[in-house]
Each structure stands twice: as structure tokens, then as C-alpha cells.
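Visitor:
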Amino acid sequence: MIDALSGLNGAYPHLFQGGIVLSEPSPFGLCGHEVLRRAIADFSAHHPDLGFQSDPEDAPLGREILYEFCPDNPLMITSVGYHTPSANSAALQRAALMHGRQ
3 MIDALSGLNG
13 AYPHLFQGGI
23 VLSEPSPFGL
33 CGHEVLRRAI
43 ADFSAHHPDL
53 GFQSDPEDAP
63 LGREILYEFC
73 PDNPLMITSV
83 GYHTPSANSA
93 ALQRAALMHG
103 RQ
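When you read off a place in the sequence shown, starting at 1, and then add 2, the result is the number in our numbering.
Encoded structure:
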């Protein structure tokens, strides 16, 4: 039994995201842009209707890297805490976010 009061701990579970991760290949250990690019290309080729998320331990990914990795299919890569996403244009279009709120 855990003896703790609610609100005194800054940690909290990401239950929804944890469930999503179970249906995707593990991004942990994918270090380097080339390794991540190959993993995304391989996953996309074998599962064209599914998404892929990762948390690279390298520097944040810029627009050019996202387009290089996956130019035509929607791609969103999030931080391990799911608070910092990066998405390519295809993902923004699919989510109807390219032209702001309508």
C-alpha cells in the first residue's frame, strides 16, 4: 500500500499514451537521425494505415528532417512525456490544422 496524498506528487501516468505505445514499435534505443529514418520508413512500408511515434534522444527534429523521414504520410513524433509534438504537413492536413480554426 502506498501512503501518499493526492496532489503532493508531480508525477502522473499517461495511461492513454501508454496504451498507444503498445501497438507501435518501441522507439527506445533508436538514436540518430538515420536510424530513426530507417525505422519510420520500414514501419510505414509494412503498416501504411498505422502511425508511428518516437522520442529521439538527439536534438529536436526540424521541418526538413520530418519531410525527409516521411514526406507523404502523416508523421508526428512526440517527446517521451507526450508534451512536445513535432508533425509534418501531411499530419497537420489530416488533423485539419493547416489553415487554423474554421
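Heads up, the beta-carbon is just placed ideally off N, CA and C, and yes, glycines get one too.
On a predicted model such as this, the values are computed, not experimentally measured, just so you know.
(1) Give a yes or no on whether the C-beta atoms belonging to N106 and A92 are separated by under 7 Å.
(2) Among H101, M100, C72 and T86, which one has its Cα closest to the Cα of L38?
(3) Can you tell me which residues form a DSSP beta bridge with P87?
(4) Quick one: what's got a C-beta closer than 6 Å to G85's C-beta in the same chain, skipping five residues either side?
(5) Which of helix, strand or coil does DSSP assign to P58?
(6) Under the three-state reduction of DSSP, which class applies to A98: helix, strand or coil?
(7) Return the first residue and the last residue of the alpha helix (DSSP H) that H48 is part of.
(8) Where does L77 land, buried or exposed, given buried means 16+ other C-beta within 10 angstroms?
Guide: Quick answer:
(1) Since the first residue of the chain shown is 3 and the last is 104, residue 106 is not available in this structure.
(2) C72
(3) T80
(4) The sequence given here places His at residue 85; Gly does not occur at that position. Excluding residues within five positions, none has a Cβ falling inside 6 Å.
(5) The pLDDT assigned to P58 is 47, lower than 50, so where the model puts this residue is not dependable, and the model offers no usable value.
(6) coil
(7) H35 to H48
(8) buried
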